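Reviewing the structure listed below.
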Amino acid sequence: MWMIAPWVSLHNKHPDYSALQTTLNSQQEWSEESRMTINHTKTVVMHICTSSAAVPPPQLSLGPHPLQVVRSAKVLGVTVDDQLTWTLHVTAREIGSLQTLHAAQI
Numbered sequence: 013m014w015m016i017a018p019w020v021s022l023h024n025k026h027p028d029y030s031a032l033q034t035t036l037n038s039q040q041e042w043s044e045e046s047r048m049t050i051n052h053t054k055t056v057v058m059h060i061c062t063s064s065a066a067v068p069p070p071q072l073s074l075g076p077h078p079l080q081v082v083r084s085a086k087v088l089g090v091t092v093d094d095q096l097t098w099t100l101h102v103t104a105r106e107i108g109s110l111q112t113l114h115a116a117q118i
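Here the sequence shown is numbered in our numbering, starting from 13 and rising by one per residue.
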């Protein structure tokens with residue numbers, strides 16, 4: 013599964029990414045017709061797969077802007093990684109909690 017964060021998740025089981033780009037183009041067109049803007053700097057691509065098989069990253073764009081391929085992204089306050097583990101999210105919350113505790117003790 014390819015996740016285009018934060019506004020849509022797209023599924024594609026084949027290495028032909030033209031369907032993903034077509035969907036992105038449709039979303040971009042719809043947003044322009046609706047007088048809305050999709051922030052291309054906050055839109056990223058992440059391949060979510062628990063398999064260790066190498067998959068070439070797609071070259072996707074939102075309008076003229078190429079999208080960055082990432083291994084983790086924050087979605088609705090939760091850090092999601094490409095292996096669907098909780099490690100990054102729990103570590104970030106743990107560090108934040110320790111910093112808050114330390115600040116409260118000072």
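Even glycine gets a Cβ: it sits at the ideal position worked out from N, Cα and C.
No experiment lies behind these values; they were computed from the predicted model shown.
Query                                                                                                                                                                         : Result
Do you know whose CA, among Leu79, Tyr29, Lys54 and Arg47, lies nearest Leu88's CA?                                                                                           : Lys54
So for Gln40, helix, strand or coil by DSSP?                                                                                                                                  : helix
Under a three-way DSSP split, which group does Ala85 fall into?                                                                                                               : strand
Taking all protein chains shown into account, do 16 or more other C-beta atoms lie within 10 angstroms of the C-beta of Ala85, making it buried, or fewer, making it exposed? : buried
Could you give the first and the last residue of the continuous beta strand (DSSP E) run that contains Thr49?                                                                 : From DSSP, Thr49 is part of no beta strand (DSSP E); its letter is neither H nor E.
With Asp129 as the anchor, note down where its beta strand (DSSP E) starts and where it stops.                                                                                : It is not possible to answer for residue 129, since the shown part of the chain is limited to 13 through 118.
Taking all protein chains shown into account, do 16 or more other C-beta atoms lie within 10 angstroms of the C-beta of Val56, making it buried, or fewer, making it exposed? : buried
Residues in its own chain within less than 6 Å of Met58 by CB, not counting five upstream and five downstream?                                                                : Met15, Val82, Ala85 and Asp94
Is Gln71 helix, strand or coil by DSSP?                                                                                                                                       : coil
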